[in-house]
Amino acid sequence: MNSYLLISILRFTVLFLAQVWLFNNIEFWGFLNPFVYILYVLLYPVNANKSFLLISSFFMGLLMDMFFNTGGVHTTATLVLAYIRPTLFRFAYGVSYEYNTIKITDKFTSETFILVLLSVGIHHFILYNLEIFKIALLWDILWKSIANIVLTTTTVILILLFLKPTKR
Amino acid sequence: MQQVLNFLQKNSYKMLFFLLLAVAFRLTIQSHSLQQSVYVNSSNEVSGFVYEKTNNIKEYFALKKTNQALVVENQKLKELLFNKKDTLLKPDSFTFVGVKEYKVIAGKVIKNSFNKQQNYLTLKGGASQGVKTDMGVINQYGIVGKISKTSANYSTVTSILFTQEKTNAKLKNSNHFGSITWNGKNMGYVQLIELPRLATITKGDTIVTGGHSKIYPENIPIGTIDKVYIDRVTNYYTVDVRLFNDMSNLGNVYIIDNKSKTELQTLEQSLPNE
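Read top to bottom, the protein sequences are chains Y and S. Residue numbers 5 to 172, in my numbering, belong to the letters of the first sequence in order. Residue numbers 1089 to 1362, in my numbering, belong to the letters of the second sequence in order.
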């Protein structure tokens, strides 16, 4: 049957619980938490149903907003990331994306790094802009998003390195 | 008709995206435009349960500290009881009998937040314990915030670290009053605005809640004066107030139920508008 659907739901649950129980309590320098739940969007199979990704990303964001009391900030950022994901893959991997041959857990390459950095960057930039929502605090937005981009990117890459590629 | 259907079929993915995006934007903008309008909030049973379990583990690491804090508070209350016996028995000349009655409910912060512009805390303690919207939340050091939403067993609190919130406050020694608000920058400091220039203030003066607040009782400590700015346009001071509370470290709190609030509110609403 749809094994990817089952794996996605499992991944959704694991990442959600890890975010709420573990990564929310890191509070690096008092205000930085790595938002590793976006791995859900990154790890979703390339050739699988895109609408399911949109809807599940929406709910992942909504759950985060519910737990953080942030209105709809995480929902918006995650939804946009899920929507532009094909563009990011095409930008990072070039032509091999078209043949559906890549899998970001296979091997850690510079392409993977670019993909993770871009995705985290776009997600966090939307997130902090919408959360602070004040032009007077522009430096605050920039500083917070850059600091958190570094933290999340590092954590996501470490997790990717620890994940063993599935052998067939 | 066929063309419309074709169009819908071709663009269904895009339309799904924009539909979901519209919902997400609506939730975001609502949380910014109106106070206490986070519709998807953590006072529900699911997130309350998760946070409670997480907090149960965290609590073990702070047992000694909590104990110490409770001993200190007990000691202060005992001091108050032994030293001011006479004044406690005397009725306060400004308080009419039955007008000001406060009930205290114990609660516990199970999810803290202090690094956003609008900080919401989650409490264990909800409607079944008698917690309602707009009750004040304090702890042994000073004010914490006010109740925003409640469910059966949990509630969310808008912290004093909340950029759209205003609380009535006054100088402890002279009764000049202003409003406490937060500029969203440093979690150790809040701002006292609209304090008249007539007031004589010095660094280190204590700021307490004022009697105009229907949420907090009078004379709940807030913090001490740290920096004073003079507003050239208006005749008001803006003061940086250093909080007594460490907002990053909150545990047991007390929820204040002002019994006379509804009466005061209906009385004030019956007045003609200026």
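Backbone N, C-alpha and C define an ideal beta-carbon position, used for all residues, glycine too. Please read these numbers as outputs of a predicted model, since none were measured by experiment.
- With a 10 Å radius around the Cβ and a threshold of 16 neighbouring Cβ atoms, T158 of chain Y comes out exposed.
- Each residue's CA atom was taken as its position, placing Y87 of chain Y and S149 of chain Y some 21 Å apart.
- Distance from the CA atom of T1244 of chain S to the CA atom of Y1304 of chain S, rounded to whole angstroms, is 17 Å.
- Secondary structure note for R1114 of chain S: its alpha helix (DSSP H) is the uninterrupted segment 1100–1121.
- Spanning the alpha carbons of Q1217 of chain S and N1241 of chain S requires a straight line of approximately 7 Å.
- In the structure shown, T1210 of chain S adopts extended strand secondary structure according to DSSP, grouped into three states.
- Within 9 Å of the CB of K1204 of chain S, the CB atoms of chain Y belong to F35, F72, N73, T74, E135, I136, in sequence order along the chain.
- For W25 of chain Y, the neighbours in chain S by C-beta distance under 8 Å run, in chain order, V1138, T1142.
- Going by DSSP, P90 of chain Y is part of the alpha helix (DSSP H) stretching over 77–97.
- Contact annotation for R1114 of chain S against chain Y: G76 [CB-CB distance below 9 Å, chain order].
- Of all residues in the segment 1256–1283 of chain S, those with a C-beta nearer than 7 Å to a C-beta of chain Y are G1272, reading in chain order.
- Chain Y places no beta carbon closer than 8 Å to that of N1241 of chain S, leaving this residue out of the contacts.
- In the three-state reduction of the DSSP assignment, K1153 of chain S falls in the helix class, which pools H, G and I.
- With fewer than 16 other CB atoms across the displayed protein chains lying within 10 angstroms of its CB, M1103 of chain S is exposed.
- Sequence-distant partners of E1133 of chain S (beyond 5 residues in either direction) whose C-beta falls short of 8 Å from its own C-beta, in its chain, are S1239, A1240, N1241, Y1242.
- The Cβ-Cβ distance between G1339 of chain S and A1194 of chain S does not fall below 8 Å.
- Counting C-beta pairs with one atom in each stretch, the segment 1192–1207 of chain S and the segment 1246–1254 of chain S have three or more that are closer than 8 Å, which means they touch.
- A Cβ of chain Y is located within less than 8 Å of the beta carbon of Y1101 of chain S.
- For G125 of chain Y, there are no neighbours in chain S by C-beta distance under 9 Å, as the nearest C-beta there is about 19 Å away.
- Residues of chain S whose Cβ lies closer than 7 Å to the Cβ of Y87 of chain Y are, in chain order, F1105.
- A151 of chain Y and V1192 of chain S have their C-alpha atoms roughly 42 Å apart.
- Per DSSP, reduced to three states, the secondary structure at R1330 of chain S is strand.
- DSSP places K1191 of chain S within a strand segment (E or B) once states are collapsed to three.
- By the Cβ neighbour-count rule, V45 of chain Y is buried, with 16 or more other Cβ atoms within 10 Å of its own.
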